[in-house]
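K.L.:
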Amino acid sequence: MTNYTYIKVKTALSPSKLPDIRYALNPYVGCAHGCIYCYAADLCKRYFGVSYNWGSEVIIKKNIIEVLKKDVKRLSPGIVGVSTITDPYQPIEETQQLTREAMRILSQNRFKVSIQTKSTLLLRDLDLINSKNFDVGFTITTLNDAIAKYIEPNAPSPNLRAKAADEVSKHGIETWIFLGPIIPLVNDHEDQIEEVVEFASSINSYIIYDKLNIKPVMNYNMRMKWNLNIDLEEVINQSMDSSYFKRISKLLTDLCKKHKVKCVPAFNTT
Ligand code: SF4
Numbered sequence: 005m006t007n008y009t010y011i012k013v014k015t016a017l018s019p020s021k022l023p024d025i026r027y028a029l030n031p032y033v034g035c036a037h038g039c040i041y042c043y044a045a046d047l048c049k050r051y052f053g054v055s056y057n058w059g060s061e062v063i064i065k066k067n068i069i070e071v072l073k074k075d076v077k078r079l080s081p082g083i084v085g086v087s088t089i090t091d092p093y094q095p096i097e098e099t100q101q102l103t104r105e106a107m108r109i110l111s112q113n114r115f116k117v118s119i120q121t122k123s124t125l126l127l128r129d130l131d132l133i134n135s136k137n138f139d140v141g142f143t144i145t146t147l148n149d150a151i152a153k154y155i156e157p158n159a160p161s162p163n164l165r166a167k168a169a170d171e172v173s174k175h176g177i178e179t180w181i182f183l184g185p186i187i188p189l190v191n192d193h194e195d196q197i198e199e200v201v202e203f204a205s206s207i208n209s210y211i212i213y214d215k216l217n218i219k220p221v222m223n224y225n226m227r228m229k230w231n232l233n234i235d236l237e238e239v240i241n242q243s244m245d246s247s248y249f250k251r252i253s254k255l256l257t258d259l260c261k262k263h264k265v266k267c268v269p270a271f272n273t274t
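Quick note on numbering: the sequence shown equals residues 5 to 274 in my numbering.
Here is the structure:
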């Protein structure tokens, strides 16, 4: 059950530090998908209730479209990440349509849009999403629906995401798979990773991957919500060990070579 409230904002586009992304647009604060590993909880700390009840509280930026119309006139065009600290297609988007309207405005004003989501709701907007101005990333941390249910409790199942990614790719739109975070002992088994690589290959997609970067609020939320039969301390210890990610990066790179899939780290952290 998610509780929704509203705020008014002064800016819609904010500068982004993500590679290749100039601006970020986040229509919502918080995310009802409630992934237990979500790093965005640490970036929304000024909304205490949202951060520490991650998935249960979401704030809707009710005037973001009005503000965006002004932002696109005063800022020079660049690539906009939609979204960087929320899922732009979380359930409330179905009725609010803030993501849809924002993408229409961005596209009309020569801004390119890089979407990242876990939701099949994106398919609703295929009438707007074109190969010239958009690329679309689906996060698939594992294709094992049962494991995903533990770590991404309210998001559409990864197999539904895969079907949606396939459909987007068939529309000729650049489609990528975000394999992240790779969590020690949870979704880092070679067979699991290879399954995602094979899927990316089957739709002519590529992989961007990342490790689990432990942060304070995330750490708290994981401890509160952890119900996997796996030792969380061991998960955290391994994820903080740089040799672990070097080994996983090598494994992933080898599998990508085997299946002829382009594969890049999200950040240069190895
Ligand atoms: S879908 Fe993305 S933004 Fe939403 S909770 Fe999961 S990781 Fe966080």
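Positions of the beta carbon are idealized from the N, C-alpha and C atoms, including for glycine.
Computed from a prediction, not measured in an experiment: that's the story for all the values here.
#1: Pick helix, strand or coil for VAL62, following the three-state DSSP scheme.
#2: Can you tell me whether THR9 is helix, strand or coil according to DSSP?
#3: Going by alpha carbons, who is nearest to ILE186 out of ILE218, TYR210 and PRO23?
#4: Check each candidate in VAL86, LYS254 and HIS263 and name the one with the smallest Cα separation from ASN137.
#5: Given 6 angstroms as the limit, tell me if THR88 has its C-beta closer than that to any heavy atom belonging to ligand 1.
#6: Helix, strand or coil for LEU127? Go by DSSP, reduced to three states.
#7: Among the residues of its own chain, which have a CB less than 6 angstroms from the CB of THR124, if the five just before and after it don't count?
#8: Would you check if there are 3 or more beta carbon pairs closer than 8 angstroms linking the segment 39 to 46 to the segment 65 to 75?
#9: Does ligand 1 have even one heavy atom less than 6 angstroms from the beta-carbon of ALA44?
#10: In terms of residues, what are the limits of the beta strand (DSSP E) holding PHE142?
#11: Alpha helix (DSSP H) containing THR99: first to last residue?
#12: Within 10 angstroms of its Cβ, does TYR10 collect 16 or more other Cβ (buried), or is it exposed?
#13: Using the Cα positions of ASP195 and TYR8, report the straight-line distance between them to the nearest angstrom.
#14: Starting from the Cα of TRP58, find the closest Cα among ILE83, LEU255, TYR27 and HIS37 and give me that residue.
#15: I think TRP180 touches SER205, with their Cβ atoms under 8 angstroms apart; what is that distance to the nearest whole Å?
#16: Grouping DSSP H, G and I as helix and E and B as strand, with all else coil, what is THR274?
#17: With THR6 and SER60 assumed to form a contact (beta carbons below 8 angstroms), what rounded beta-carbon distance in angstroms separates them?
#18: At what residue ranges does the segment 17 to 101 contain a whole run of the alpha helix (DSSP H), taking only runs of 4 or more?
#19: Considering only DSSP beta bridges, list what SER206 is partnered with.
#20: Checking 7 angstroms against the spacing of the C-beta atoms, do VAL140 and VAL117 come in under that value?
#21: Helix, strand or coil for LYS116 per DSSP?
#22: Tell whether a beta-carbon distance below 7 angstroms holds between ILE68 and PRO31.
#23: Quick one: does the C-beta of CYS48 sit closer than 6 angstroms to a heavy atom of ligand 1?
#24: Using CA coordinates, which residue listed in ASN225, LYS12, LEU183 and ASN223 is at the minimum distance from LYS266?
#25: Below 8 angstroms on the Cβ atoms is my contact criterion, and I expect GLU156 with CYS39 to pass it. Report the Cβ-Cβ distance as a whole number of Å.
P.N.:
Taking the structure as given:
#1: DSSP places VAL62 in strand when its eight states are reduced to three.
#2: Reduced to three states, the DSSP call for THR9 is strand.
#3: Nearest C-alpha to ILE186: ILE218.
#4: For ASN137, the nearest C-alpha among the options comes from VAL86.
#5: Flag unset: Cβ of THR88 not near ligand 1.
#6: LEU127 falls in the helix class under three-state DSSP.
#7: If we look at THR124 and ignore the five residues flanking it on each side, its Cβ neighbours are PRO160, LEU164 and ALA168.
#8: Taking a cut-off of 8 angstroms on C-beta distances, the segment 39 to 46 does not touch the segment 65 to 75, as fewer than three cross pairs fall below it.
#9: Closer than 6 angstroms to some heavy atom of ligand 1: that describes the Cβ of ALA44.
#10: Note, PHE142: beta strand (DSSP E), 138 to 143.
#11: Under the DSSP assignment, THR99 falls in the alpha helix (DSSP H) whose first and last residues are 97 to 100.
#12: By the C-beta density criterion, TYR10 is exposed, having fewer than 16 other C-beta atoms within 10 angstroms.
#13: So the alpha carbons of these two residues sit roughly 39 angstroms apart.
#14: The shortest CA-to-CA distance from TRP58 to any of ILE83, LEU255, TYR27 and HIS37 is the one to HIS37.
#15: Actually they are not in contact, since the Cβ atoms of TRP180 and SER205 sit about 13 angstroms apart, beyond 8 angstroms.
#16: Because THR274 sits at a pLDDT of 46, beneath the cut-off of 50, its placement in the model cannot be relied upon, and the point is left open.
#17: Your pair THR6 and SER60 checks out as a contact, with CB atoms roughly 6 angstroms apart and the cut at 8 angstroms.
#18: Here the runs fully enclosed are 44 to 47, 52 to 56, 68 to 78 and 97 to 100.
#19: Note: SER206 is not bridge-paired with any residue in the DSSP secondary-structure output.
#20: Not closer than 7 angstroms, so no.
#21: If DSSP states are grouped into helix, strand and coil, LYS116 belongs with the strands.
#22: Yes, the pair counts as a contact, with Cβ atoms nearer than the cut-off.
#23: Not so, every heavy atom of ligand 1 lies at least 6 angstroms from the Cβ.
#24: The shortest C-alpha separation from LYS266 is found at LEU183.
#25: Taking a contact as a CB-CB distance under 8 angstroms, the pair GLU156 and CYS39 counts as one, their CB atoms being some 5 angstroms apart.
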